[in-house]
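>
Numbering (my numbering), first residue to last: 11 to 173.
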């Protein structure tokens, strides 16, 4: 039975931090503020996967109060979500995600992001859909105060009613 989950994340843009999206270091004057590397894309995907599994959100598994995750690459969060799926006998079917950022332009980095996400999840890049859009100069994203991402993930899980 295929289960679907959704995820959303947002972080403020600040000076003095690298901008990491989809595991790619993006040249920009600001980066995302957060306890880990603040990769909103990977965080949203992680929450989508955990949601499809019926689990709690990323903060439950990797609390921002735990010093072990200070500056951690978000790739480890995705790897854990994939491990959780595998432990339940599940197989990731696909992930579809959108990054919402006024700047910088992200299209040149999309293929590298997809490759990083696929590798972390143990799937093929063709199973990852990824788009980037602006907020048309509206709101905190349009003012370049932050970046958001949303994701949907599907996981094929064994039908527990047949057990």
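No residue lacks a Cβ here, since even glycine has one placed at the ideal position from N, Cα and C.
These numbers were taken from a predicted model, which means no experiment stands behind them.
(1) On a Cα-Cα basis, can you pick out the residue from 101, 98, 142 and 99 that is closest to residue 119?
(2) At what residues does the beta strand (DSSP E) containing residue 141 begin and finish?
(3) Ends of the alpha helix (DSSP H) at residue 11?
(4) Would you mind sorting residue 53 into buried or exposed? The rule is 16 or more other CB atoms within 10 Å of its CB.
(5) Quick one, are the C-beta atoms of residue 85 and residue 130 less than 7 Å apart?
(6) If you check the beta carbons only, do residue 167 and residue 13 fall under 7 Å apart?
(7) Judging by CA-CA distance, which residue of 152, 100 and 49 is the nearest neighbour of residue 62?
(8) What does the alpha-carbon distance come out to for the pair residue 104 and residue 157?
(9) Enumerate in chain order the residues of its own chain whose CB-to-CB distance from residue 81 is below 7 Å, with the five nearest sequence positions on each side excluded.
(10) Label residue 21 either buried or exposed according to how many other C-beta atoms from any shown protein chain fall within 10 Å of its C-beta, with 16 as the threshold for buried.
(11) Hey, which unbroken runs of the beta strand (DSSP E) at 3 residues or more fall wholly within the stretch 33-92?
To lay it out plainly:
(1) It is 142.
(2) According to the DSSP assignment, residue 141 belongs to the beta strand (DSSP E) that extends over 138-143.
(3) Taken as a continuous stretch (DSSP letters only), residue 11 belongs to no alpha helix (DSSP H), as it is neither H nor E.
(4) So residue 53 ends up on the buried side.
(5) Contact: yes.
(6) In this structure, residue 13 lies closer than 7 Å to residue 167 by Cβ.
(7) Checked all of 152, 100 and 49; the closest Cα to residue 62 is 100.
(8) Those two C-alpha atoms are separated by around 23 Å.
(9) Excluding sequence neighbours, residue 81 sits near 46 and 47.
(10) By the Cβ-count criterion, residue 21 is buried, with 16 or more other Cβ atoms from all chains shown falling within 10 Å of its own Cβ.
(11) Look at the stretch 33-92 and you find these whole runs of beta strand (DSSP E), each 3 residues long or longer: 34-36.
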